[in-house]
Amino acid sequence: MPQAIVIGTHPGWELVGCYSYPHSGWWEFELFEAVTGEVGVVTRCKTIDLVVPVEASIVIEGYVNPTRTAQDGPSPGPTMLYTPYATQQPVFEVTAITMSKNPVYRNHQMTPFTDHQEMPRLFHEAIIYERLCAMGLKVNDVHFPQGGGSLSVIVQMEPAMDGQVTDALMAVMGSPWLNTKMVIAVDPDINIYDYRDVHYALATRVDPTKHIITVGKARGFPFDPTARPVIEASAETAESRFPCVVGKWGIDATKPVPYRAKERKNYERAWPKRWGEIDLHDYLPTEENQ
Numbered sequence: 129m130p131q132a133i134v135i136g137t138h139p140g141w142e143l144v145g146c147y148s149y150p151h152s153g154w155w156e157f158e159l160f161e162a163v164t165g166e167v168g169v170v171t172r173c174k175t176i177d178l179v180v181p182v183e184a185s186i187v188i189e190g191y192v193n194p195t196r197t198a199q200d201g202p203s204p205g206p207t208m209l210y211t212p213y214a215t216q217q218p219v220f221e222v223t224a225i226t227m228s229k230n231p232v233y234r235n236h237q238m239t240p241f242t243d244h245q246e247m248p249r250l251f252h253e254a255i256i257y258e259r260l261c262a263m264g265l266k267v268n269d270v271h272f273p274q275g276g277g278s279l280s281v282i283v284q285m286e287p288a289m290d291g292q293v294t295d296a297l298m299a300v301m302g303s304p305w306l307n308t309k310m311v312i313a314v315d316p317d318i319n320i321y322d323y324r325d326v327h328y329a330l331a332t333r334v335d336p337t338k339h340i341i342t343v344g345k346a347r348g349f350p351f352d353p354t355a356r357p358v359i360e361a362s363a364e365t366a367e368s369r370f371p372c373v374v375g376k377w378g379i380d381a382t383k384p385v386p387y388r389a390k391e392r393k394n395y396e397r398a399w400p401k402r403w404g405e406i407d408l409h410d411y412l413p414t415e416e417n418q
């Protein structure tokens with residue numbers, strides 16, 4: 129199978145290269161133009177029948193040979209661990225390397241949440257959001273938090289009736305990707321990008337005996353050390369950890385729905401008026417006002 133590795137190009141190409149969802153009616157070139165609003169300009173490779181971004185700094189051309197494998201790893205992964213330690217992967221056979229006059233080698237670290245992790249998660253968030261809205265749920269935002277090791281998702285939604293949060297949690301846990309292990313649903317008054325706010329919702333709005341759903345033997349993420357490889361599946365499973373199964377959990381950290389007004393009133397948040405508006409420098413003596 130021909131393959132081209134592109135290094136040092138427009139970030140839009142890096143983003144669309146991380147898109148992982150069925151898209152038989154279009155290809156990444158069109159997604160690049162939709163995401164960036166720019167015209168994608170490509171050129172043909174020298175030794176294989178593929179096109180690559182014309183402004184690429186470095187292009188490595190070659191073929192993936194599925195019949196020839198070699199050990200891959202141990203290498204750190206998106207969970208910031210070395211699991212799985214080593215796997216047999218197809219070998220990439222290089223046929224050409226081309227580069228611009230002054231190439232820039234742009235590297236993405238797999239482990240830190242500042243690098244690679246953010247790119248595929250951006251599309252995962254958008255697709256999960258779209259799927260939940262298609263269920264008739266009022267969803268404001270979806271976020272894979274940076275400290276979640278690629279295994280947790282937070283959904284900010286406005287449930288209108290009982291059962292909607294459960295539906296949302298189950299839908300996200302059963303998403304096309306294997307890393308939706310922990311799902312948290314919160315209300316619009318919770319900032320899902322602020323750990324303190326999310327922790328507040330977990331601490332004050334969750335009764336563990338009523339608001340947590342657990343599902344056993346769900347499809348697991350090979351990079352999750354708590355997932356159990358299905359050894360019977362193949363001879364490679366013990367090493368690759370794929371396929372594997374794991375328990376998943378959904379946490380309802382939302383307030384009672386609006387028609388439960390009496391219960392809901394107990395969750396009105398108190399906060400000092402004009403908090404953060406007062407500057408002590410306005411009241412402390414300085415050389416100018418002494």
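For the record, in the sequence shown the residue sitting at position 123 is 251 according to this note's numbering, with numbers rising by one throughout. Think of the CB as a built atom: it goes at the ideal place given N, C-alpha and C, for glycine as much as any other residue. These numbers were taken from a predicted model, which means no experiment stands behind them.
Three-state secondary structure assigned by DSSP to residue 376: In the structure shown, residue 376 adopts extended strand secondary structure according to DSSP, grouped into three states.
query: Would DSSP call residue 237 helix, strand or coil?
result: The answer is coil: DSSP assigns residue 237 none of H, G, I, E or B.
query: Curious, which full-length beta strand (DSSP E) runs of at least 3 residues does the stretch 184-267 contain?
result: Within the stretch 184-267, the runs of beta strand (DSSP E) that reach at least 3 residues and sit entirely inside it are, in chain order, 186-200, 215-227.
- prompt: Using the rule of at least 16 other Cβ atoms within 10 Å of the residue's Cβ for burial, across every protein chain shown, is residue 419 buried or exposed?
  reply: A question about residue 419 goes unanswered here, because the residues of the chain that appear run from 129 up to 418.
message: Considering only the alpha carbon of each residue, which of 408, 254, 361, 172 lies closest to residue 267?
response: Of the listed residues, the one whose Cα sits closest to residue 267 is 254.
- request: Return the CA-CA distance between residue 209 and residue 311, expressed in angstroms with no decimal places.
  value: Each residue's alpha carbon lies about 21 angstroms from the other.
- request: Can you check the stretch 293-360 for any beta strand (DSSP E) of at least 3 residues that lies completely inside it and give the ranges in chain order?
  value: Here the runs fully enclosed are 310-314, 340-347.
message: Going by DSSP, what residue range makes up the alpha helix (DSSP H) through residue 144?
response: Start and end: 139-144.
- prompt: For residue 307, does the count of other Cβ atoms within 10 angstroms reach 16, so buried, or fall short, so exposed?
  reply: Answer is buried; the Cβ neighbour count reaches 16.
- prompt: If you draw a straight line from the C-alpha of residue 344 to the C-alpha of residue 261, how long is it?
  reply: Rounded to the nearest angstrom, the gap between the Cα atoms of residue 344 and residue 261 is 26 angstroms.
task: Leaving out five residues on either side along the sequence, give the residues of the same chain with a beta carbon under 8 angstroms from the beta carbon of residue 330.
output: Correct list, in chain order: 312, 379, 381.
- request: Going by CA-CA distance only, name the one from 166, 195, 191, 167 that's closest to residue 178.
  value: Checking every option, the nearest Cα to that of residue 178 belongs to 191.
- request: Report buried or exposed for residue 296, applying the criterion of at least 16 other Cβ atoms within 10 angstroms of its Cβ.
  value: With 16 or more other Cβ atoms inside 10 Å of its own Cβ, residue 296 counts as buried.
Per DSSP, the bridge partner or partners of residue 280: When DSSP reads this structure, residue 280 sits in a beta bridge with 310.
7 angstroms CB neighbourhood of residue 252 in its chain, flanking five on each side removed: So the qualifying residues of the chain are 272, 305.
task: Determine the contact status of residue 371 and residue 347, defining contact as a CB-CB distance below 8 angstroms.
output: Yes. Within cutoff.
message: One question on the structure: do residue 374 and residue 354 come within less than 8 angstroms of each other, judged by their Cβ atoms?
response: In contact: residue 374 and residue 354 (Cβ atoms closer than 8 angstroms).
- request: From the DSSP output, read off the bridge partner residues of residue 271.
  value: Partner(s): 282.
message: Quick check: the Cα distance between residue 133 and residue 258, rounded to an integer number of angstroms?
response: Cα to Cα, the separation comes out at about 30 angstroms.
- prompt: Should residue 163 and residue 140 be called a contact, given that it needs their Cβ atoms to be closer than 8 angstroms?
  reply: Yes, the Cβ-Cβ distance between residue 163 and residue 140 is below 8 angstroms.
message: Could you compute how far the alpha carbon of residue 395 sits from the alpha carbon of residue 360?
response: In this structure, the CA atom of residue 395 is about 49 angstroms from the CA atom of residue 360.
Exposure label - residue 244; buried when at least 16 CB within 10 Å: Buried, since its Cβ has 16 or more Cβ neighbours within 10 Å.
task: With distances taken Cα to Cα, identify the nearest neighbour of residue 186 among 228, 275, 201.
output: Nearest of 228, 275, 201 to residue 186, Cα basis: 228.
message: Using C-beta distances below 7 angstroms, list every residue in its chain close to residue 301, excluding the 5 sequence neighbours before and after it, in chain order.
response: Non-local beta-carbon contacts of residue 301 in its own chain, meaning distances under 7 angstroms to residues more than five positions away in sequence, involve 308, 311, 343, 346, 376, 378 in chain order.
message: Quick check on residue 402: buried or exposed, where buried means 16 or more other Cβ atoms within 10 Å of its Cβ?
response: Exposed: under 16 other Cβ atoms inside 10 Å.
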